[in-house]
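First up is the structure itself, then whatever we jot down about it.
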Amino acid sequence: MRNLSPALAAFLNDARSADATIFKADAYALTLKSGATAYWSSLDVPFAYNGATFLANGPMVQGLKMKCAVGLEVDRQQVVLMARRSRGARDRPCRTGATGRLARGRRLSRFGKRRSRPRTVTPAQAAVHFNLHLVRSTPMSASPPEGAAWGIAEWAITGLTTLLASVGAFLWRLSVRLESIESSVTRQRLDLDQTRQSSDTAVARLAERYESVNADHYRLLGIVGSLPTRADVRSLEERIAERLDALGARLDRLMDA
Numbered sequence: 178m179r180n181l182s183p184a185l186a187a188f189l190n191d192a193r194s195a196d197a198t199i200f201k202a203d204a205y206a207l208t209l210k211s212g213a214t215a216y217w218s219s220l221d222v223p224f225a226y227n228g229a230t231f232l233a234n235g236p237m238v239q240g241l242k243m244k245c246a247v248g249l250e251v252d253r254q255q256v257v258l259m260a261r262r263s264r265g266a267r268d269r270p271c272r273t274g275a276t277g278r279l280a281r282g283r284r285l286s287r288f289g290k291r292r293s294r295p296r297t298v299t300p301a302q303a304a305v306h307f308n309l310h311l312v313r314s315t316p317m318s319a320s321p322p323e324g325a326a327w328g329i330a331e332w333a334i335t336g337l338t339t340l341l342a343s344v345g346a347f348l349w350r351l352s353v354r355l356e357s358i359e360s361s362v363t364r365q366r367l368d369l370d371q372t373r374q375s376s377d378t379a380v381a382r383l384a385e386r387y388e389s390v391n392a393d394h395y396r397l398l399g400i401v402g403s404l405p406t407r408a409d410v411r412s413l414e415e416r417i418a419e420r421l422d423a424l425g426a427r428l429d430r431l432m433d434a
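Using the numbering used here, you'd call the opening residue of the sequence shown number 178 and step up by one each time.
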């Protein structure tokens with residue numbers, strides 16, 4: 178459970194007043210590729226926050242995913258900036274005709290974005306940098322009335338752009354998934370090759386051991402074959418007995434003499 182910050186406590190105390198006004202708005206701090214920063218808001222009046230003044234004359238921002246995280250969805254999101262009738266970008270009107278006079282204007286179409294996070298902050302405090310690249314602008318020569326067919330077409334184009342951005346993000350995620358599957362298959366193949374090499378080495382060692390045991394077996398058979406049999410032992414006993422009898426008879430003759 179977290180403690181209530183002094184700033185939030187002061188804000189809630191001010192909001193308790195009868196004449197207090199609470200604004201709830203979307204505030205965007207877009208850092209351009211040139212290094213300049215544009216502060217826009219969805220309110221109809223400008224307001225100051227953290228030392229920056231968020232203007233009310235900026236274009237509408239659509240398609241931004243509010244996720245306090247660092248990952249695929251945050252890095253690959255695409256936003257659409259749509260100019261309103263009385264709004265501009267960085268104090269310049271967005272609905273300016275090709276000849277410089279005020280016309281129905283041009284609609285800021287799809288923008289690409291690159292995001293980076295400084296290493297000195299936490300993911301919740303990560304700064305989002307936008308590199309804006311204009312893809313298409315549509316100049317018009319007249320200002321149709323509100324609710325005209327072009328407004329419907331404009332919103333349809335915006336929806337189609339958002340859909341294409343979603344499809345592009347899905348295809349990118351699919352390609353990343355396929356790359357991960359391919360790397361996993363490659364790793365499994367390497368593991369299988371290593372297992373096969375280990376099995377071949379074990380089989381070779383087993384074959385060498387078998388040859389050694391077989392050679393020892395044949396040497397043992399040769400030693401056993403060279404040993405005397407029972408018949409040889411019996412014949413040797415008979416010869417020894419005959420020799421003893423001859424020696425006994427000779428000893429008897431010597432004693433008689």
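Even glycine gets a Cβ: it sits at the ideal position worked out from N, Cα and C. The structure displayed is predicted, hence computed values, not measured ones.
Burial state of residue 207 (16 or more Cβ within 10 Å)
The count along the sequence shown starts at 1 and reaches residue 207 at position 30. Buried, by the Cβ-count rule.
Which class does residue 208 belong to by DSSP, given the choice of helix, strand or coil?
As a working mapping, residue 208 is identified with position 31 in the sequence shown. Looking at residue 208 - three-state DSSP - the assignment turns out to be strand.
What's the gap between the Cα of residue 347 and the Cα of residue 333?
Within the sequence shown, the letter at position 170 stands for residue 347. Within the sequence shown, the letter at position 156 stands for residue 333. Cα to Cα, the separation comes out at about 21 angstroms.
By alpha-carbon positions, which one of 224, 213, 428 ends up nearest to residue 202?
Taking the first residue of the sequence shown as position 1, residue 202 is located at position 25. The shortest Cα separation from residue 202 among 224, 213, 428 belongs to 224.
State buried or exposed for residue 205, treating a residue as buried only when at least 16 other CB atoms are found within 10 Å of its CB.
Within the sequence shown, numbered from 1, the residue matching residue 205 stands at position 28. When all chains shown are included, residue 205 counts as buried.
Run the CB neighbour count on residue 375, radius 10 Å, all protein chains shown included, and call it buried at 16 or more, exposed below.
Looking up residue 375 in the sequence shown gives position 198. Exposed, because fewer than 16 other Cβ atoms sit within 10 Å of the Cβ of residue 375.
From residue 314 to residue 180, what does the alpha carbon distance come to, in whole angstroms?
One-based indexing of the sequence shown puts residue 314 at position 137. One-based indexing of the sequence shown puts residue 180 at position 3. Residue placement at residue 314 is flagged as unreliable, the pLDDT there being 36, under the threshold of 50; the coordinate-derived value follows with that caveat. So the two alpha carbons sit approximately 49 angstroms from each other.
With respect to the alpha helix (DSSP H) encompassing residue 218, which residues constitute its N-terminal and C-terminal limits?
Position 41 of the sequence shown holds residue 218. Where residue 218 is concerned, there is no enclosing alpha helix (DSSP H), although the beta strand (DSSP E) it sits in stretches over 214-218.
Cα separation between residue 423 and residue 416?
What you label residue 423 is simply residue 246 of the sequence shown in a count that begins at 1. What you label residue 416 is simply residue 239 of the sequence shown in a count that begins at 1. Going by the C-alpha atoms only, they are around 11 angstroms apart.
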